[in-house]
Each structure stands twice: as C-alpha cells, then as structure tokens.
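Before any comments, here is the structure.
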Amino acid sequence: MPLNAAAADVIHPGAAGRKRAGSGEQFWQFRRYAQTDAADQIDWRRSARSDEYFVREAELETARTILFWADPHPGFDWTGGREQMTKSTRAKTIMLALGSGLARSGERIGVLGGTRPPSLGKAAPDRLAEDLLTSQNEALPPPKSTALAVIASDFYDPVTDWQTRLAPLAGRCHHGVLLAVSDPIEHDFPYTGRTRFSRPGSLQTRIFGRAETVRDDYLARFEAHREALAQLALRMGWALVTHRTDQPALHGAAALQLALQQFGARR
Amino acid sequence: MNLGPFLFGAPLALLGLIALPVIWYILRATPPTPKQADLPSLRLLDDLEAREETPARTPWWILLLRLIMAAAAILGLSLPIYAPGAIGDDAAGGPVLVIVDNGWTSAQRWSELRNAAASALDGESRDTPAHLLLTAPRELNQDPGERFTRTSFEARIRSLQPNPWPIDRADALARLTASNLSPARILWLTDGLDPETAEPFARALAETAPLTIYAAPPRGPAALSGLSADASGVTLTVRRADPVNAVSHYISALTLDGAALATTEADFAAGEADAEAVFTLPPAALARISRFQVTATSSAGNVWLWDSADRSRRVGLVSGDRTAQPLLSDMHYIRKALEPFATITEGELIDLIADNPDAIILTDIGQIDPVAEAAVTAWIEAGGALIRFSGPLMAAQDAPLVPAPLRRASRAIGGTLTWEEPQPLGAFPETSPFAGLIPPSDVKVRQQVLARPGPDLARRTWARLADGSPLVTADRRGAGTLVLYHVTAGPDWSDLPYSGVFVDMLRRTIAAGRGEAVPDEDGLYTPALALNGSGRLIQAGPNAAPLQAADFGTVIASETHPPGLYQGPSGTRALNVARDYRPAAVTNWPASAILLGDAEARNLRLGGLLLGFALILLAIDLLVALGLAGRLPRLAKTVAVITLLSLTFTTVLLQQPATAQLHNGPDIEQNTPSKEVEAALRMRLAYIETGDANTDRATSAGLLGLSLTLYRRSSVEPAEPHAVNLETDALDVYPILFLSLPENPNPFSALAVANLNRYMRSGGALFIDTRKGGSIGTSTSFEGLDAVLEGLDTPPLAPVPTDHVLTRSFYLLNGFPGRYAGRRLWIEATGASNRDDRRGDGVSRLFVGDADYLAAWAVDERGRALYSVDGGDQQREMAKRFGINLVIYVLTGNYKEDQVHLPALLERLGKEDHEPVDKTRDDPND
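Going line by line, the protein sequences match chains A and B.
If you count the first sequence from 1, position 188 lands on 188 in our numbering, and the numbers rise without skipping.
Just add 267 to wherever you are in the second sequence, counting from 1, and you've got our numbering.
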C-alpha cells in the first residue's frame, strides 16, 4: 500500500482521485462489513435495504505539494518608477494569491528551501506569506519528494547560468513554472544622453555617451533572452509565465493559475 | 582709481579679469556629470561595446553664464562706486571738515544727509584726514579737531542719529573757532532752514575755506507747531518750509501704545506755509489720545505729545448705596459717566481725602461723622470739589455740607397724590458752568430735595427745573467748591442719569470744581518718556533732568531737557520741540559756495550689488548643473515644498497681528464654558448637585418632567434642565434653582453658600425640598437645612397664605401636594424685605417644602412617571399643576400678583368709561 501510493505519486503527481478506495471525500464503493471494521463505519441507510451490513468507502485522494521561490537578488527587489511596486513584491503577491487558492482546495504549499515543511489547511497561506517575506535563500535545493515548483525571478543572468542552477530542481520536480517579472522600464529603455548605468546588487557601472544608440541592441537582446528562457522551460517540461509590473497583478495570477492547471492542479 | 563716473575702491582686483579666458578654457574642457540610472537588466548589455561615444562638451550657454558670474564677482571685489558728483579734485590735498546739522529738522532726510557725509572721502580725497563738526549741541560735543581716517570716519557717520533737539549754529561756530582748525575745504550738510542763523554761518565758513553745501530741507510738513483743544475736538497747526504746491498730509491721533484712533487731513493751500488739522472726536476717544503724528514721516518735530494737563482728573466715589443690583445702583451711573474722563477711586471718605483727589462724589449720604466732616471741610477749603447727590437719606436729615440750606423733606412731583406733573429741565443759567448745554426735553424729574429760599440761592444755582426750583446748586468754600445735585444719581428720582447731558454736567462739575488753587506752576516734573530724533518714544536718557513746572513754556529742548512726556504732581506735561516753530528755507547762500544737487550728493556703491548678482548666477548655475545631471525633478519638488512652506509661514506671520488683536477682545466662545452659553441662550430649570447620585438622578428626572409639562401646557418652553455646581458654575443665568436634599446630606462649602446668597440677592429663586414629608406626624422642620446650608441668607419664612399668588398664577390650587399630600410650603414672609433688598417686588425668592415634589414630577426618558404618589394620578396631576404655578410665579414676578387685582381695576375703569371689560381683554387693538 505505501509502495502503491508512492508509485502513484510518481506516476501522477498530485492529481485528484486515485481510482481506488482510500481516504477522501468522493464516494467510491460500498463493501460488505468485515470483522475488522469499526461499527461506526457502517452505512446504516444502505444496510437497512438488505440483511447485510455495508461499509461505505471513499476514493483515495492525496494532496499535491506546490513550492514557491522568489529571487532574493537586489535587482529583483527594484522598481523603475515610484508608483509601482517592486518586481519582487509583485511576484510574491501573485504567488501568495495562488497559494491561498491552492490551500483552500486542499493542496500543500510551502517555500522552496524554507525552514518549515509545506503545510495544508487554513493556516497554510499565513505561513506561506511569512516564509516568502523572510526567506532569503539564494540556492534552489531540490525538495525531498516530488512537487510543483514556482520560481519567480527576472532571469536576467545568462540562460545557461539558469540552466545550471535549475537542473537539480528540475531533476526532482517534473513540472514547474518560471515566473519572469519585469519592470516597464526594462522593456522600454527610455534613456537618452550621457548616462551612467549601474546594476543594483553589483558595483559594476557603465557609461554610455548617448544611451539612445544602445536602445535597439538592448531591445533585441531582451527579446532573444526571453526566447531562450522559454526554450529552457520547454526543455525542462516546465512553463514560462511573464508578467510586467505595470499590468494588474490579476493578469499575472491568472496566467500562473492557467499554467498550474495545465499540470493538473485542482483549480 | 577714477573711470568716468565710477570710482574703484580696490582697483587691483580688476586684474582678475585677465583670468577670464583661462576660466573659459577650463570650463570648456570639463564635461558635465552624466545622468545616473539604475537598471537591473544591464546584465543583458554586458558584452556590448558602445558604438558612439561623442566627446562631452559643456553647452555654450552654461559657459556664458559662468563667465558672466566670474566677471561680476571680480568687478564686485574691486568695490566700484558710482559717484556722478565726485567733489573738489583741486582741493584734495588738505584735511576736509564735514559739518552736519543733526537736529530734529534734519530727521526727515537724514539718510540722504548721512549718505552725502559718508561720501565726503570718496574719490581723490580718499587719503586726506577728515574732521567732523555737529551743530546740535550736547553735553559732550564732538571735537572738530579730532582727525578721522577714511574708515573710522565712515563708521562714525554710520552711527550718527539725528537729535531730537534743535541745532545751535552760533555755538558750533564758536566751537570751530576754538579748535583752531584750518581745513582745506568744508562740506556742510544742512537742513537748509532758519536763514537768520544759516546765512551768517555760511558766510563765516566760506571765509575760512572753500565751502560746499548740500541742503536737504524737509519735503513734507516740517513741524506740528501748536494745538488747541476744546470740549468737542482738537485743532493742530502744521507748518512746512517750502510753501509752493497745494498738498495734503495725513495726521493721526495715537494712543500711548501706538494705536491710531483717528486720522485727519491737513491741506496746505498753494503758497501757504500753515495748515490746520481738525480732529472732531467724542470726549471718550479724546481722553485716550496721547500724541499726534504726521503719518509716514519720522521726525521729532512731526510728533505732538499731548499731556494730561487738562484732561484727566482724579475722582473719589463714596456710596451710601448697598444694593447688589448694579443697574439700580446710583454709583453705576456716575461711574459710567465718568470713566472715560477721570481716574476713579472708591473707598471711605477719610481714605479718599488722604489721596487728595480733584473731586469727591457722595451719593445720598445723610450724616457725615464729625471727624470726616472736619477733614472734608479742610480739603474743600484747600481746593477740592465735593459733589453730592441727594436721596431719601439726605432728605430725612439735616445735612451740614450743602451749598444751600435744605428743607427737611423731599418734594415729589407727579404721582397719585399731587396735582403737579413731573418737571423737565429748564434752560441752564448763563453764569453756570453748564451754560451752552441743551437741556433735553424728555428728561423728567419726579422727586427732589428743596432748597430753602434765600437771597443767595439764585446766584448759587447752576441748573433749574422748568418751574424754577433749583436742580443743581453750588457754593465756593475757600478755594474749593461744594456742589449738590438735588436728585439721586440713579434713576429713582429723575430720568437725568439716562440722558447724555448727565455726562456733560458731571464732567463740567468736576472741571469747575477743580478750582484755581491747585498749585499748577509748582512741582518738579521728571522725564518719563522721551522722543528720539525720528519721533519715536523711548525711555528718557541718563542726561535728562527734571524740569520745573513753570519752565514748560520757556525752556528750549536740549540734551538735558529732551522733548517728551514729563511726570509730575498733576499728571503728565509734554515738552514739544516744534512748539511755535516756524520753518523757513534758506534761499540766500554765499556766492562762493558750491551747492550740490540731490543727484550729485548721492553715491551708489556697486560692489555689493555685483557680488549679489554673481551669487544669483551661481544659484542658477547650480540648478542648471543639477538639471543636467538628471536630479532636477526631485529637486523641483523640494523647492516647491520649501517655497510653499515659506509662503505659508509668511502668511501666518502676516496674519498674526490681526489674530492677536482679535484675541484681545472678549472672546465669548472660548472664555465661557458652553454650559453657561446654553443656559443664557435658552431658559431652563436647574438643580444643585448634592453629591448623592440617587437623589440627583431623581431631581433631574423631576425637572425633566416639569419641563415637559410646562412645554405642553404653558407658553414657558424650557430646554433640558442643567445640573449646577454652586462653587464653579455661573448661577445668574438660571431663573430658579432646585435643591432636593438626600437622606444624609453633606454640608455645602462656605463658597457655595456665598454664591447662593449672591444669586438670591441679585434676583434668583431657590426651591428647597427636604423630602422628609413621608415621616408621619412631623411638621416641616428646617433643622437639617441649617446644617447643610450654613450661612444661607434666609429671610423670615411663613407658610403660603391660602390666597397667595402661588395658588393662582396659572391653575387655581387649594394645596401644594407633592409625593405626599397635606404638607406645608414655606415662603418668604410678606413685608419682611427692607429697603436695602431691592429684590422687594413682593416675590418670594425662597421656597421650602418637604413633600418630595421632584419625585412626583419625575418621568423617565419616555415620559412615564417614575415614582408612586400617595394620592394616585389625581395627586400627581395636582403636583404638576403646582410645579407650573411655581415656575410661572418665579418668572412673572409681581405681574401675576397685579393681575389678581385686575378684575377689580377693570371694573372700576368700566364704570367710568362704560366699556365692557371682556372686550378690552379679547381685543387689545380695539
């Protein structure tokens, strides 16, 4: 039985019914009463229709685990305009919205590489929120058992770097989502004139005498980078969801939910 | 160095201009700082080489801006001076003597004179020594022999202020001669007035050395040279020096603390040197004026200090009147009439005489004890004025201190028992001090004391009634005067105190009574406030010496006797520097002297201006640099915030005086608790807090019930009842207070009882319910009451008579049931009040009962009765009716009592007029 369950997990990670009797809410079958059954398991309504006692069995359901991770890099916790929230905050908002929905439908949620194991139930969203805000884990450690992973970052490092970083995780988690959150300024590159650029989190600066000349190159590279990232997700069997912070958070959440549903998560 | 009209203080600094090309080169080579930008996706550009790095250049207009800035700074450092009238190059060799007229006549154009003096050493004569001669004499004069260098001379000139006393050119010339100074040239900066001294002075100077004169006569009015005052106003004489155009100037009348009470115009006709400013002001306002000033000028001569010599008197009041109701008090009318003109002291007669006031006023005092009488007599003989008012007491007694012997009874004119009508005032006799006043026709005298006819009576009479009987008599006693008004000072006997003539009569009485014997020309006056040269009031300086009263007309203002206010035995006296001064401009200057025009005498120092300009450019450059570096948007916001803040701050500062003024006035809403305001705005019942919560709640509910009943049934519409604390709350705003005593009451404090006494004396009513009627077999006892309200001013009490108004003021009642029936209600016994208690009117102000009335009235917030009543609903109804009767009785006073007799009166009238009684009542307009 544990073996079977483990096998079912491997085959079908986290889908709803397991097509066999077990603990769950959906009706599965009536079976005859056996000596080993407790008396309160007897379904008296069914038993009254015949001379024998019947026990009501439900379909086995197991909860899936969804793990979230937000990039702690300073460049991710950055916003180009005062009126927008930072990319990191937006990503965490979206993930938390998803997380509470998932928790309501009985999934197990947690933070990848967090100190606490993933949890179920009503308290789970609160714990997820706490962990998302406090977790500063740079690494992406593979979880103990298989799970769905949601990785939020801006992914501006070269795609090969990301491939290396994600490889162990992808080995354990067959499905996952890359949530790429970006700032509108990073899409537009509205700089002109003599400008000194610096990247948050690193001391490296670059001066462009006329920033507007770099714009076309930049946009081309940005597109290419996104393309490569999508390819990487596809190779791993994952999905890429992109989101801009000037869009409503609802868009990102909807896209992310769609991606998760594609992997069979309930709701 | 000299360059056209420009002089340079530090010409070497101009060499700095050579550096400008270098600065230009350096600025061109230094590019502006780049803009800063954060970009996380910079990583994407890591391997990108910038294709186009244009060399960064400073824009040409920034270059221009910075070059102008540098040039302005260099020019400013060379201290240029614009001096179109640079003087006397030929005589630059020897020492310069600068003579400054620094009397009050120079104050108006002092800054120009000082500027011209300071520029005496500009130009070629910058290194020659200077000497200074000041024409206004001081105790320690500036020695003309003292040598000044250029810097020390300038510092000395900057510290000069015009003196508030006149100049003495002859004295100055004597000092110059004594110093044996032989200057190479002389610069005389003069006020250009007084030709009779100026011309010889100028001639003498021109003989000594080449003379340059800069004359700056005052442009506007030069002097306030005289004042004449009468009862209705003040006329000021204004004089000017250049009687050419027709102009008008404003003159303000100010109080001592500088508030302007009035402003009037003085119009100079063309060619006239004199003008008059007439202030027509009510006497009360005149009394507050302490000085007059030509507005928008600053000179000691343009201020006229007005002393108190003929205005303020000290008056003592002695009252025989002891009522607590101010509007019925004699003293109230006298005080109101005199307050604007006199300093009033109240007290006992003996104490007042010791103060030696100008006049003492006695209201209705019959006997004066012998000691006081002797003192008063002596005081009158020495020049005091005793003013007496009659009254019942005086009419009843032989009064010794009267101007004419009186009859032993007062005469009542008009009224039920006489045939005569109340008498109006007759015309005032020509010889009396009241002559000129117009007797009002609506003033009627109803009662007076009569003088015994005698040969002197007509001479002693100051005012008469229309029928010729004396109203005011007066007699001289020694140096003083004794005045008697044959009526009361209050409105009891006549309408005189209501009229405006009363105020004038009192004023003239005091003034006439002052007597000639007050030794006006004696006494030493010490300087209290002095004027400075600019016409501002300051503390008198250390050199100011006291002045004999007799000298005020003759003394010439000087350092020892600065113009100002002097304090002495009879108030203040003023020394005005421009009294009788007649300004005249000098026209006949010596032919050899060089006269400077206004433009030539003025020098403009450009150094500060240029440096300031450079600083402004620097600030602009800073903003531009920040803008180029991309930091301006944030900065713009900050600048906007700072501007906004400073604007707000300025506005607040500007508004502050106005607010402060507002706060000086009585501010009802802030100073008075809202409870009092509420009570004053809407009539309401009130109860006294006993401290016992249960009792207070019952009392409150009882008053609520009574108020509701009143509201429904009568035209009395009280608002919600208040609870009052006897010690802290204002009681006078409530018509009646209820006190319902708990089982074991706490005694009230002495302060509370005193407040309660005052409340009852000034017309309030107090209803006390001891709530002991429930215990069988006791009659009403006040034992507990004495302990609780110890010291309450209790009049004699009696049970309510059966025919008392209280039984019929609204409903007809047979008894006064409360929660208990058949209890007695005690009120003030009729006829117990004596004359001192003006509350008279026959209305009781104290009600004491024990039937627990308040419980019978009590309702909850839905209007349901709270407590059971002995006799059921019928008795409760009777209790409510009693409550209504009580409130109506208290509110209407003796009106209802009179109404009781109305049918009888109407019946009598009806018999005379044959007019049906009922019709008159139904239709009063008929």
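Glycine included, each C-beta is placed from N, C-alpha and C at the ideal position.
So, is the C-beta of residue i closer than 7 Å to a C-beta in chain A?
i, result
"ALA304/B", "yes"
"ASN938/B", "In this prediction, ASN938/B has a pLDDT of 47, which is less than 50 and means its spatial position is unreliable; nothing more can be read from the coordinates."
"ARG310/B", "yes"
"LEU912/B", "no"
"LEU315/B", "yes"
"PRO288/B", "no"
"ALA1125/B", "no"
"PRO307/B", "yes"
"PRO301/B", "yes"
Return yes when at least one heavy atom of the ligand GTP lies under 6 Å from the C-beta of residue i, else no.
i, result
"THR479/B", "Summarising the ligand content, the structure contains no ligands, and the ligand GTP is consequently not present."
Could you compute how far the alpha carbon of residue i sits from the alpha carbon of residue j?
i, j, result
"ALA968/B", "LEU773/B", "55 Å"
"THR325/B", "VAL289/B", "15 Å"
"ASN843/B", "LEU364/B", "32 Å"
"GLN409/B", "LEU399/B", "7 Å"
"PRO850/B", "PRO467/B", "17 Å"
"ALA286/B", "THR297/B", "17 Å"
"GLU413/B", "ALA526/B", "45 Å"
"ILE861/B", "THR479/B", "5 Å"
"LEU284/B", "THR395/B", "30 Å"
"LEU140/A", "LEU96/A", "19 Å"
"LEU877/B", "SER426/B", "26 Å"
"TYR1087/B", "LEU1064/B", "21 Å"
"PHE769/B", "LEU660/B", "22 Å"
"ALA817/B", "TRP371/B", "24 Å"
"ALA927/B", "ARG555/B", "Interpretation of ALA927/B is limited by its pLDDT of 42, a score under 50 that renders its predicted location unreliable; the figure taken from the coordinates is listed afterwards. Their backbone Cα atoms lie some 21 Å apart in a straight line."
"ARG678/B", "ASP771/B", "25 Å"
"TRP432/B", "ALA529/B", "28 Å"
State buried or exposed for residue i, treating a residue as buried only when at least 16 other CB atoms are found within 10 Å of its CB.
i, result
"GLY767/B", "exposed"
"GLN262/A", "exposed"
"PRO1170/B", "exposed"
"TRP686/B", "exposed"
"SER449/B", "exposed"
"GLU52/A", "exposed"
"TYR954/B", "buried"
"ASN992/B", "exposed"
"THR531/B", "buried"
"MET236/A", "buried"
Tell me, to the nearest whole angstrom, how far the beta carbon of residue i is from that of residue j; I am working on the premise that it is less than 8 Å.
i, j, result
"ALA147/A", "THR65/A", "4 Å"
"GLY835/B", "LEU791/B", "7 Å"
"LEU863/B", "GLY831/B", "Contact doesn't hold; Cβ gap of about 34 Å is too wide."
"VAL750/B", "ALA652/B", "7 Å"
"VAL505/B", "ILE518/B", "7 Å"
"ARG655/B", "TYR752/B", "7 Å"
"LYS1163/B", "SER1076/B", "5 Å"
"PRO278/B", "SER345/B", "6 Å"
"GLU648/B", "GLY583/B", "At roughly 17 Å, the Cβ-Cβ gap does not stay under 8 Å, so GLU648/B and GLY583/B are not in contact."
Is there at least one Cβ from chain B nearer than 7 Å to residue i's Cβ?
i, result
"ILE270/A", "Since the first residue shown for chain A is 1 and the last is 267, residue 270/A is missing from the structure and cannot be characterised."
"TRP78/A", "yes"
"GLY113/A", "no"
"GLY244/A", "Position check: residue 244/A holds Arg in this sequence, whereas Gly was assumed. False, the Cβ-Cβ gap to chain B never drops below 7 Å."
"ASP217/A", "yes"
"GLU59/A", "no"
"ARG226/A", "no"
"ALA90/A", "The question names Ala, yet the displayed sequence has Arg at residue 90/A. For ARG90/A, the answer is no, since every Cβ of chain B falls outside 7 Å of its Cβ."
Item to check | chain B contacts made by the region 196-215 of chain A, where a contact means CB separation under 9 Å | outcome: Residues passing the 9 Å Cβ filter: ARG196, PHE197, SER198, ARG199, PRO200, GLY201, SER202, GLN204, THR205, ARG206, ILE207, PHE208, GLY209, ARG210, ALA211, THR213 and VAL214.
Next on the checklist: Please identify, using Cβ separations under 7 Å, the residues of the region 151-178 of chain A that lie next to chain B, in order along the chain.
Outcome noted: Using a CB distance below 7 Å, the part of the region 151-178 of chain A facing chain B consists of ASP154, TYR156 and ASP157, ordered along the chain.
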